[in-house]
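Protein chains in written order, with my numbering: chain W, 1 to 182; chain C, 1 to 182. A virtual CB, placed ideally from N, CA and C, is assigned to each residue, including glycine. Note that the coordinates shown come from a computational prediction; the quantities given were computed from them, not determined experimentally. A short worksheet on the structure shown next.
Number of protein chains: 2
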Amino acid sequence: MTYEVEMKFPVADMGVLESRLAAMGATIDGPRQEVDVYFAHPARDFSRTDEAIRIRRKGQANFITYKGPKIDAATKTRREIDLPLPPGEEAAQAWTGLLEALGFTVAGEVRKTRRKAHVEWQGRRVEASLDEVDRLGSFAELELVVEPAELDAARTCVMSLAAALGLDHGERRSYLELLHPQ
Amino acid sequence: MTYEVEMKFPVADMGVLESRLAAMGATIDGPRQEVDVYFAHPARDFSRTDEAIRIRRKGQANFITYKGPKIDAATKTRREIDLPLPPGEEAAQAWTGLLEALGFTVAGEVRKTRRKAHVEWQGRRVEASLDEVDRLGSFAELELVVEPAELDAARTCVMSLAAALGLDHGERRSYLELLHPQ
Numbered sequence: 001m002t003y004e005v006e007m008k009f010p011v012a013d014m015g016v017l018e019s020r021l022a023a024m025g026a027t028i029d030g031p032r033q034e035v036d037v038y039f040a041h042p043a044r045d046f047s048r049t050d051e052a053i054r055i056r057r058k059g060q061a062n063f064i065t066y067k068g069p070k071i072d073a074a075t076k077t078r079r080e081i082d083l084p085l086p087p088g089e090e091a092a093q094a095w096t097g098l099l100e101a102l103g104f105t106v107a108g109e110v111r112k113t114r115r116k117a118h119v120e121w122q123g124r125r126v127e128a129s130l131d132e133v134d135r136l137g138s139f140a141e142l143e144l145v146v147e148p149a150e151l152d153a154a155r156t157c158v159m160s161l162a163a164a165l166g167l168d169h170g171e172r173r174s175y176l177e178l179l180h181p182q
Numbered sequence: 001m002t003y004e005v006e007m008k009f010p011v012a013d014m015g016v017l018e019s020r021l022a023a024m025g026a027t028i029d030g031p032r033q034e035v036d037v038y039f040a041h042p043a044r045d046f047s048r049t050d051e052a053i054r055i056r057r058k059g060q061a062n063f064i065t066y067k068g069p070k071i072d073a074a075t076k077t078r079r080e081i082d083l084p085l086p087p088g089e090e091a092a093q094a095w096t097g098l099l100e101a102l103g104f105t106v107a108g109e110v111r112k113t114r115r116k117a118h119v120e121w122q123g124r125r126v127e128a129s130l131d132e133v134d135r136l137g138s139f140a141e142l143e144l145v146v147e148p149a150e151l152d153a154a155r156t157c158v159m160s161l162a163a164a165l166g167l168d169h170g171e172r173r174s175y176l177e178l179l180h181p182q
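See the structure below:
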């Protein structure tokens with residue numbers, strides 16, 4: 001079972017952040033459009049249980065992702081199950097149909113342009129995502145995916161990198177929650 | 001949206017059935033082991049709603065299948081969503097983990113050896129499955145997958161083929177229901 005250790009921050013000036021990442025030796029990938037469709041569970045109120053299930057379209061690639069409840073107060077650390085689906089629009093629709101047949105309903109959609117970078121920090125390779133989120137603005141996410149035994153070290157690493165990049169006012173709410181406040 | 005039109009029959013003498021299929025020009029494939037794991041829904045009692053969700057392992061190949069309620073009294077006609085998963089034991093376990101995280105629980109397992117044949121009948125290609133089901137015995141299934149507009153013609157076709165093959169005492173219960181009577 002793997003966990004994602006993640007922190008998210010609003011970004012006032014993306015150019016400054018890009019410069020700091022470049023100074024750390026990170027290469028920033030080109031932009032990719034991501035469309036996430038989130039689903040409500042047939043029996044659980046995910047806004048209370050702090051879980052999520054979504055289908056992500058990234059170009060032609062599709063993924064299904066479950067996120068468990070956040071397990072600490074400072075970061076967005078949580079269990080994550082991220083599985084590839086067959087590619088293409090038709091497959092994404094078929095999978096949406098399967099979830100709907102099981103009683104899941106579409107809860108909302110998040111569209112963003114994401115640029116990824118990877119930073120070597122404290123002996124780990126941290127994934128940084130520079131996001132321009134439709135109707136929300138600019139954000140940066142820092143993420144490690146680790147086994148439970150590494151959770152504390154991963155949190156320390158991500159928080160230390162955030163400080164070095166000048167990121168603060170960590171945002172624990174998801175983009176979906178920011179777009180659709182309860 | 002596609003439906004499966006299916007009839008299932010107990011088979012007293014598989015050799016006789018094989019001869020009749022051969023006389024119709026059908027070729028019977030070699031045996032394949034299939035392991036189906038069925039799941040209970042977190043909020044719906046599938047034994048009441050007459051639905052099913054399962055993960056099938058067929059050699060290294062994996063599939064996830066949803067079956068809707070049966071919509072007539074004579075056959076097992078029902079909506080079906082059948083989607084491929086990535087192959088291998090690890091993928092099957094990851095998908096089981098995803099369903100369990102969403103509150104689905106394992107309801108039972110059906111293991112069988114299946115030999116498939118295809119029969120041209122009334123202008124359609126009917127799939128026949130010759131099954132040796134662990135702890136249940138020998139069965140034959142006849143199946144067409146069709147769009148809603150073709151449902152009546154498909155039912156007529158399958159029932160006619162069953163009669164021509166000498167199959168009777170149609171069994172509408174699933175193997176899971178036969179193994180785990182409510």
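Kindly provide the ranges of any alpha helix (DSSP H) runs that are 4 or more residues long and lie completely inside the region 4-92 of chain W, ordered along the chain. List check, alpha helix (DSSP H) in window: 14-23 and 46-49.
Pick helix, strand or coil for W:S160, following the three-state DSSP scheme. Stepping through the first sequence from its first residue, residue 160 of chain W is reached at position 160. Three-state result, W:S160: helix.
Mapping DSSP to helix, strand and coil, what is C:L151? The sequence position of residue 151 of chain C within the second sequence is 151, counting from 1. Three-state DSSP puts C:L151 in a helix.
Limits of the unbroken alpha helix (DSSP H) element including C:E143: Against the second sequence, residue 143 of chain C aligns to sequence position 143. Counted as a single uninterrupted DSSP element, the stretch harbouring C:E143 is not any alpha helix (DSSP H) but the beta strand (DSSP E) occupying residues G137 to V146.
Contacts of C:R44 in chain W (Cβ-Cβ under 9 Å): Reading the second sequence from its first residue, position 44 is the one you call residue 44 of chain C. P42, A43, L102 and G103, listed in chain order.
Give the interface partners of C:W95 over in chain W, defined as CB-CB distance under 7 Å, in chain order. On the second sequence, residue 95 of chain C is found 95 positions in, with the first residue counted as 1. In chain order: L83.
Spell out whether any CB of chain C is found under 8 Å from the CB atom of W:G108. Counted from its first residue, the first sequence places residue 108 of chain W at position 108. No, because no Cβ of chain C sits closer than 8 Å to the Cβ of W:G108.
Spell out the partners DSSP gives W:E120 in its beta bridges. Numbered from its first residue, the first sequence carries residue 120 of chain W at position 120. As a beta-bridge residue in DSSP terms, W:E120 pairs with W:R125.
Measuring alpha carbon to alpha carbon, tell me which of C:L151, C:H180 and C:A91 ends up nearest C:E6. Position 6 of the second sequence, counting from 1, holds the residue named residue 6 of chain C. When each option's Cα is compared against that of C:E6, the closest is C:L151.
Under the three-state reduction of DSSP, which class applies to C:G97: helix, strand or coil? Reading the second sequence from its first residue, position 97 is the one you call residue 97 of chain C. DSSP places C:G97 in the helix class (H, G or I) of the three-state scheme.
Cβ separation of C:D36 and C:E109, assumed to be a contact under 8 Å, to the nearest whole Å: Numbered from 1 along the second sequence, position 36 holds the residue referred to as residue 36 of chain C. Numbered from 1 along the second sequence, position 109 holds the residue referred to as residue 109 of chain C. Confirmed, Cβ separation roughly 7 Å.
Extent of the continuous alpha helix (DSSP H) to which C:L165 belongs: Numbered from its first residue, the second sequence carries residue 165 of chain C at position 165. Note, C:L165: premise wrong, no alpha helix (DSSP H); not H, not E.
Just to confirm the assignment, what range does the alpha helix (DSSP H) spanning W:L178 have? For the purposes of this step, residue 178 of chain W is taken as residue 178 along the first sequence, with counting starting at 1. Element bounds for W:L178: Y175 to L179.
Reduced DSSP secondary structure (H/G/I, E/B, other) of W:R114: Locating residue 114 of chain W in the first sequence gives position 114, counting from the first residue. Three-state result, W:R114: strand.
Could you pull out every residue in the same chain whose Cβ sits closer than 7 Å to the Cβ of C:V106, ignoring the five residues on either side in sequence? Position 106 of the second sequence, counting from 1, holds the residue named residue 106 of chain C. Within the same chain, C:V106 has close Cβ partners V37 and F39.
Three-state secondary structure assigned by DSSP to C:E132: In the second sequence, residue 132 of chain C corresponds to position 132, counting from 1. In the three-state reduction of the DSSP assignment, C:E132 falls in the strand class.
Given C:H169, which residues of its chain have a CB within under 7 Å of its CB, disregarding the five upstream and five downstream residues? As a first step, residue 169 of chain C is located in the second sequence; it is residue number 169 there, counting from the start. If the five residues before and after C:H169 are omitted, its C-beta is found closer than 7 Å to the C-beta atoms of F9 and P10, all from its own chain and listed in chain order.
Would you check if there are 3 or more beta carbon pairs closer than 8 Å linking the region 126-138 of chain C to the region 158-177 of chain W? Here the region 126-138 of chain C makes no contact with the region 158-177 of chain W; the two share fewer than three CB pairs at distances below 8 Å.
Among all the DSSP beta bridges, which residues are the ones paired with W:G108? Residue mapping note: residue 108 of chain W aligns to position 108 of the first sequence, counting from 1. Answer is W:Y38.
Using only CA atoms, which one of C:F139, C:M24 and C:A61 lies nearest to C:M14? The residue you call residue 14 of chain C lines up with position 14 of the second sequence. The option with the nearest alpha carbon to C:M14 is C:F139.
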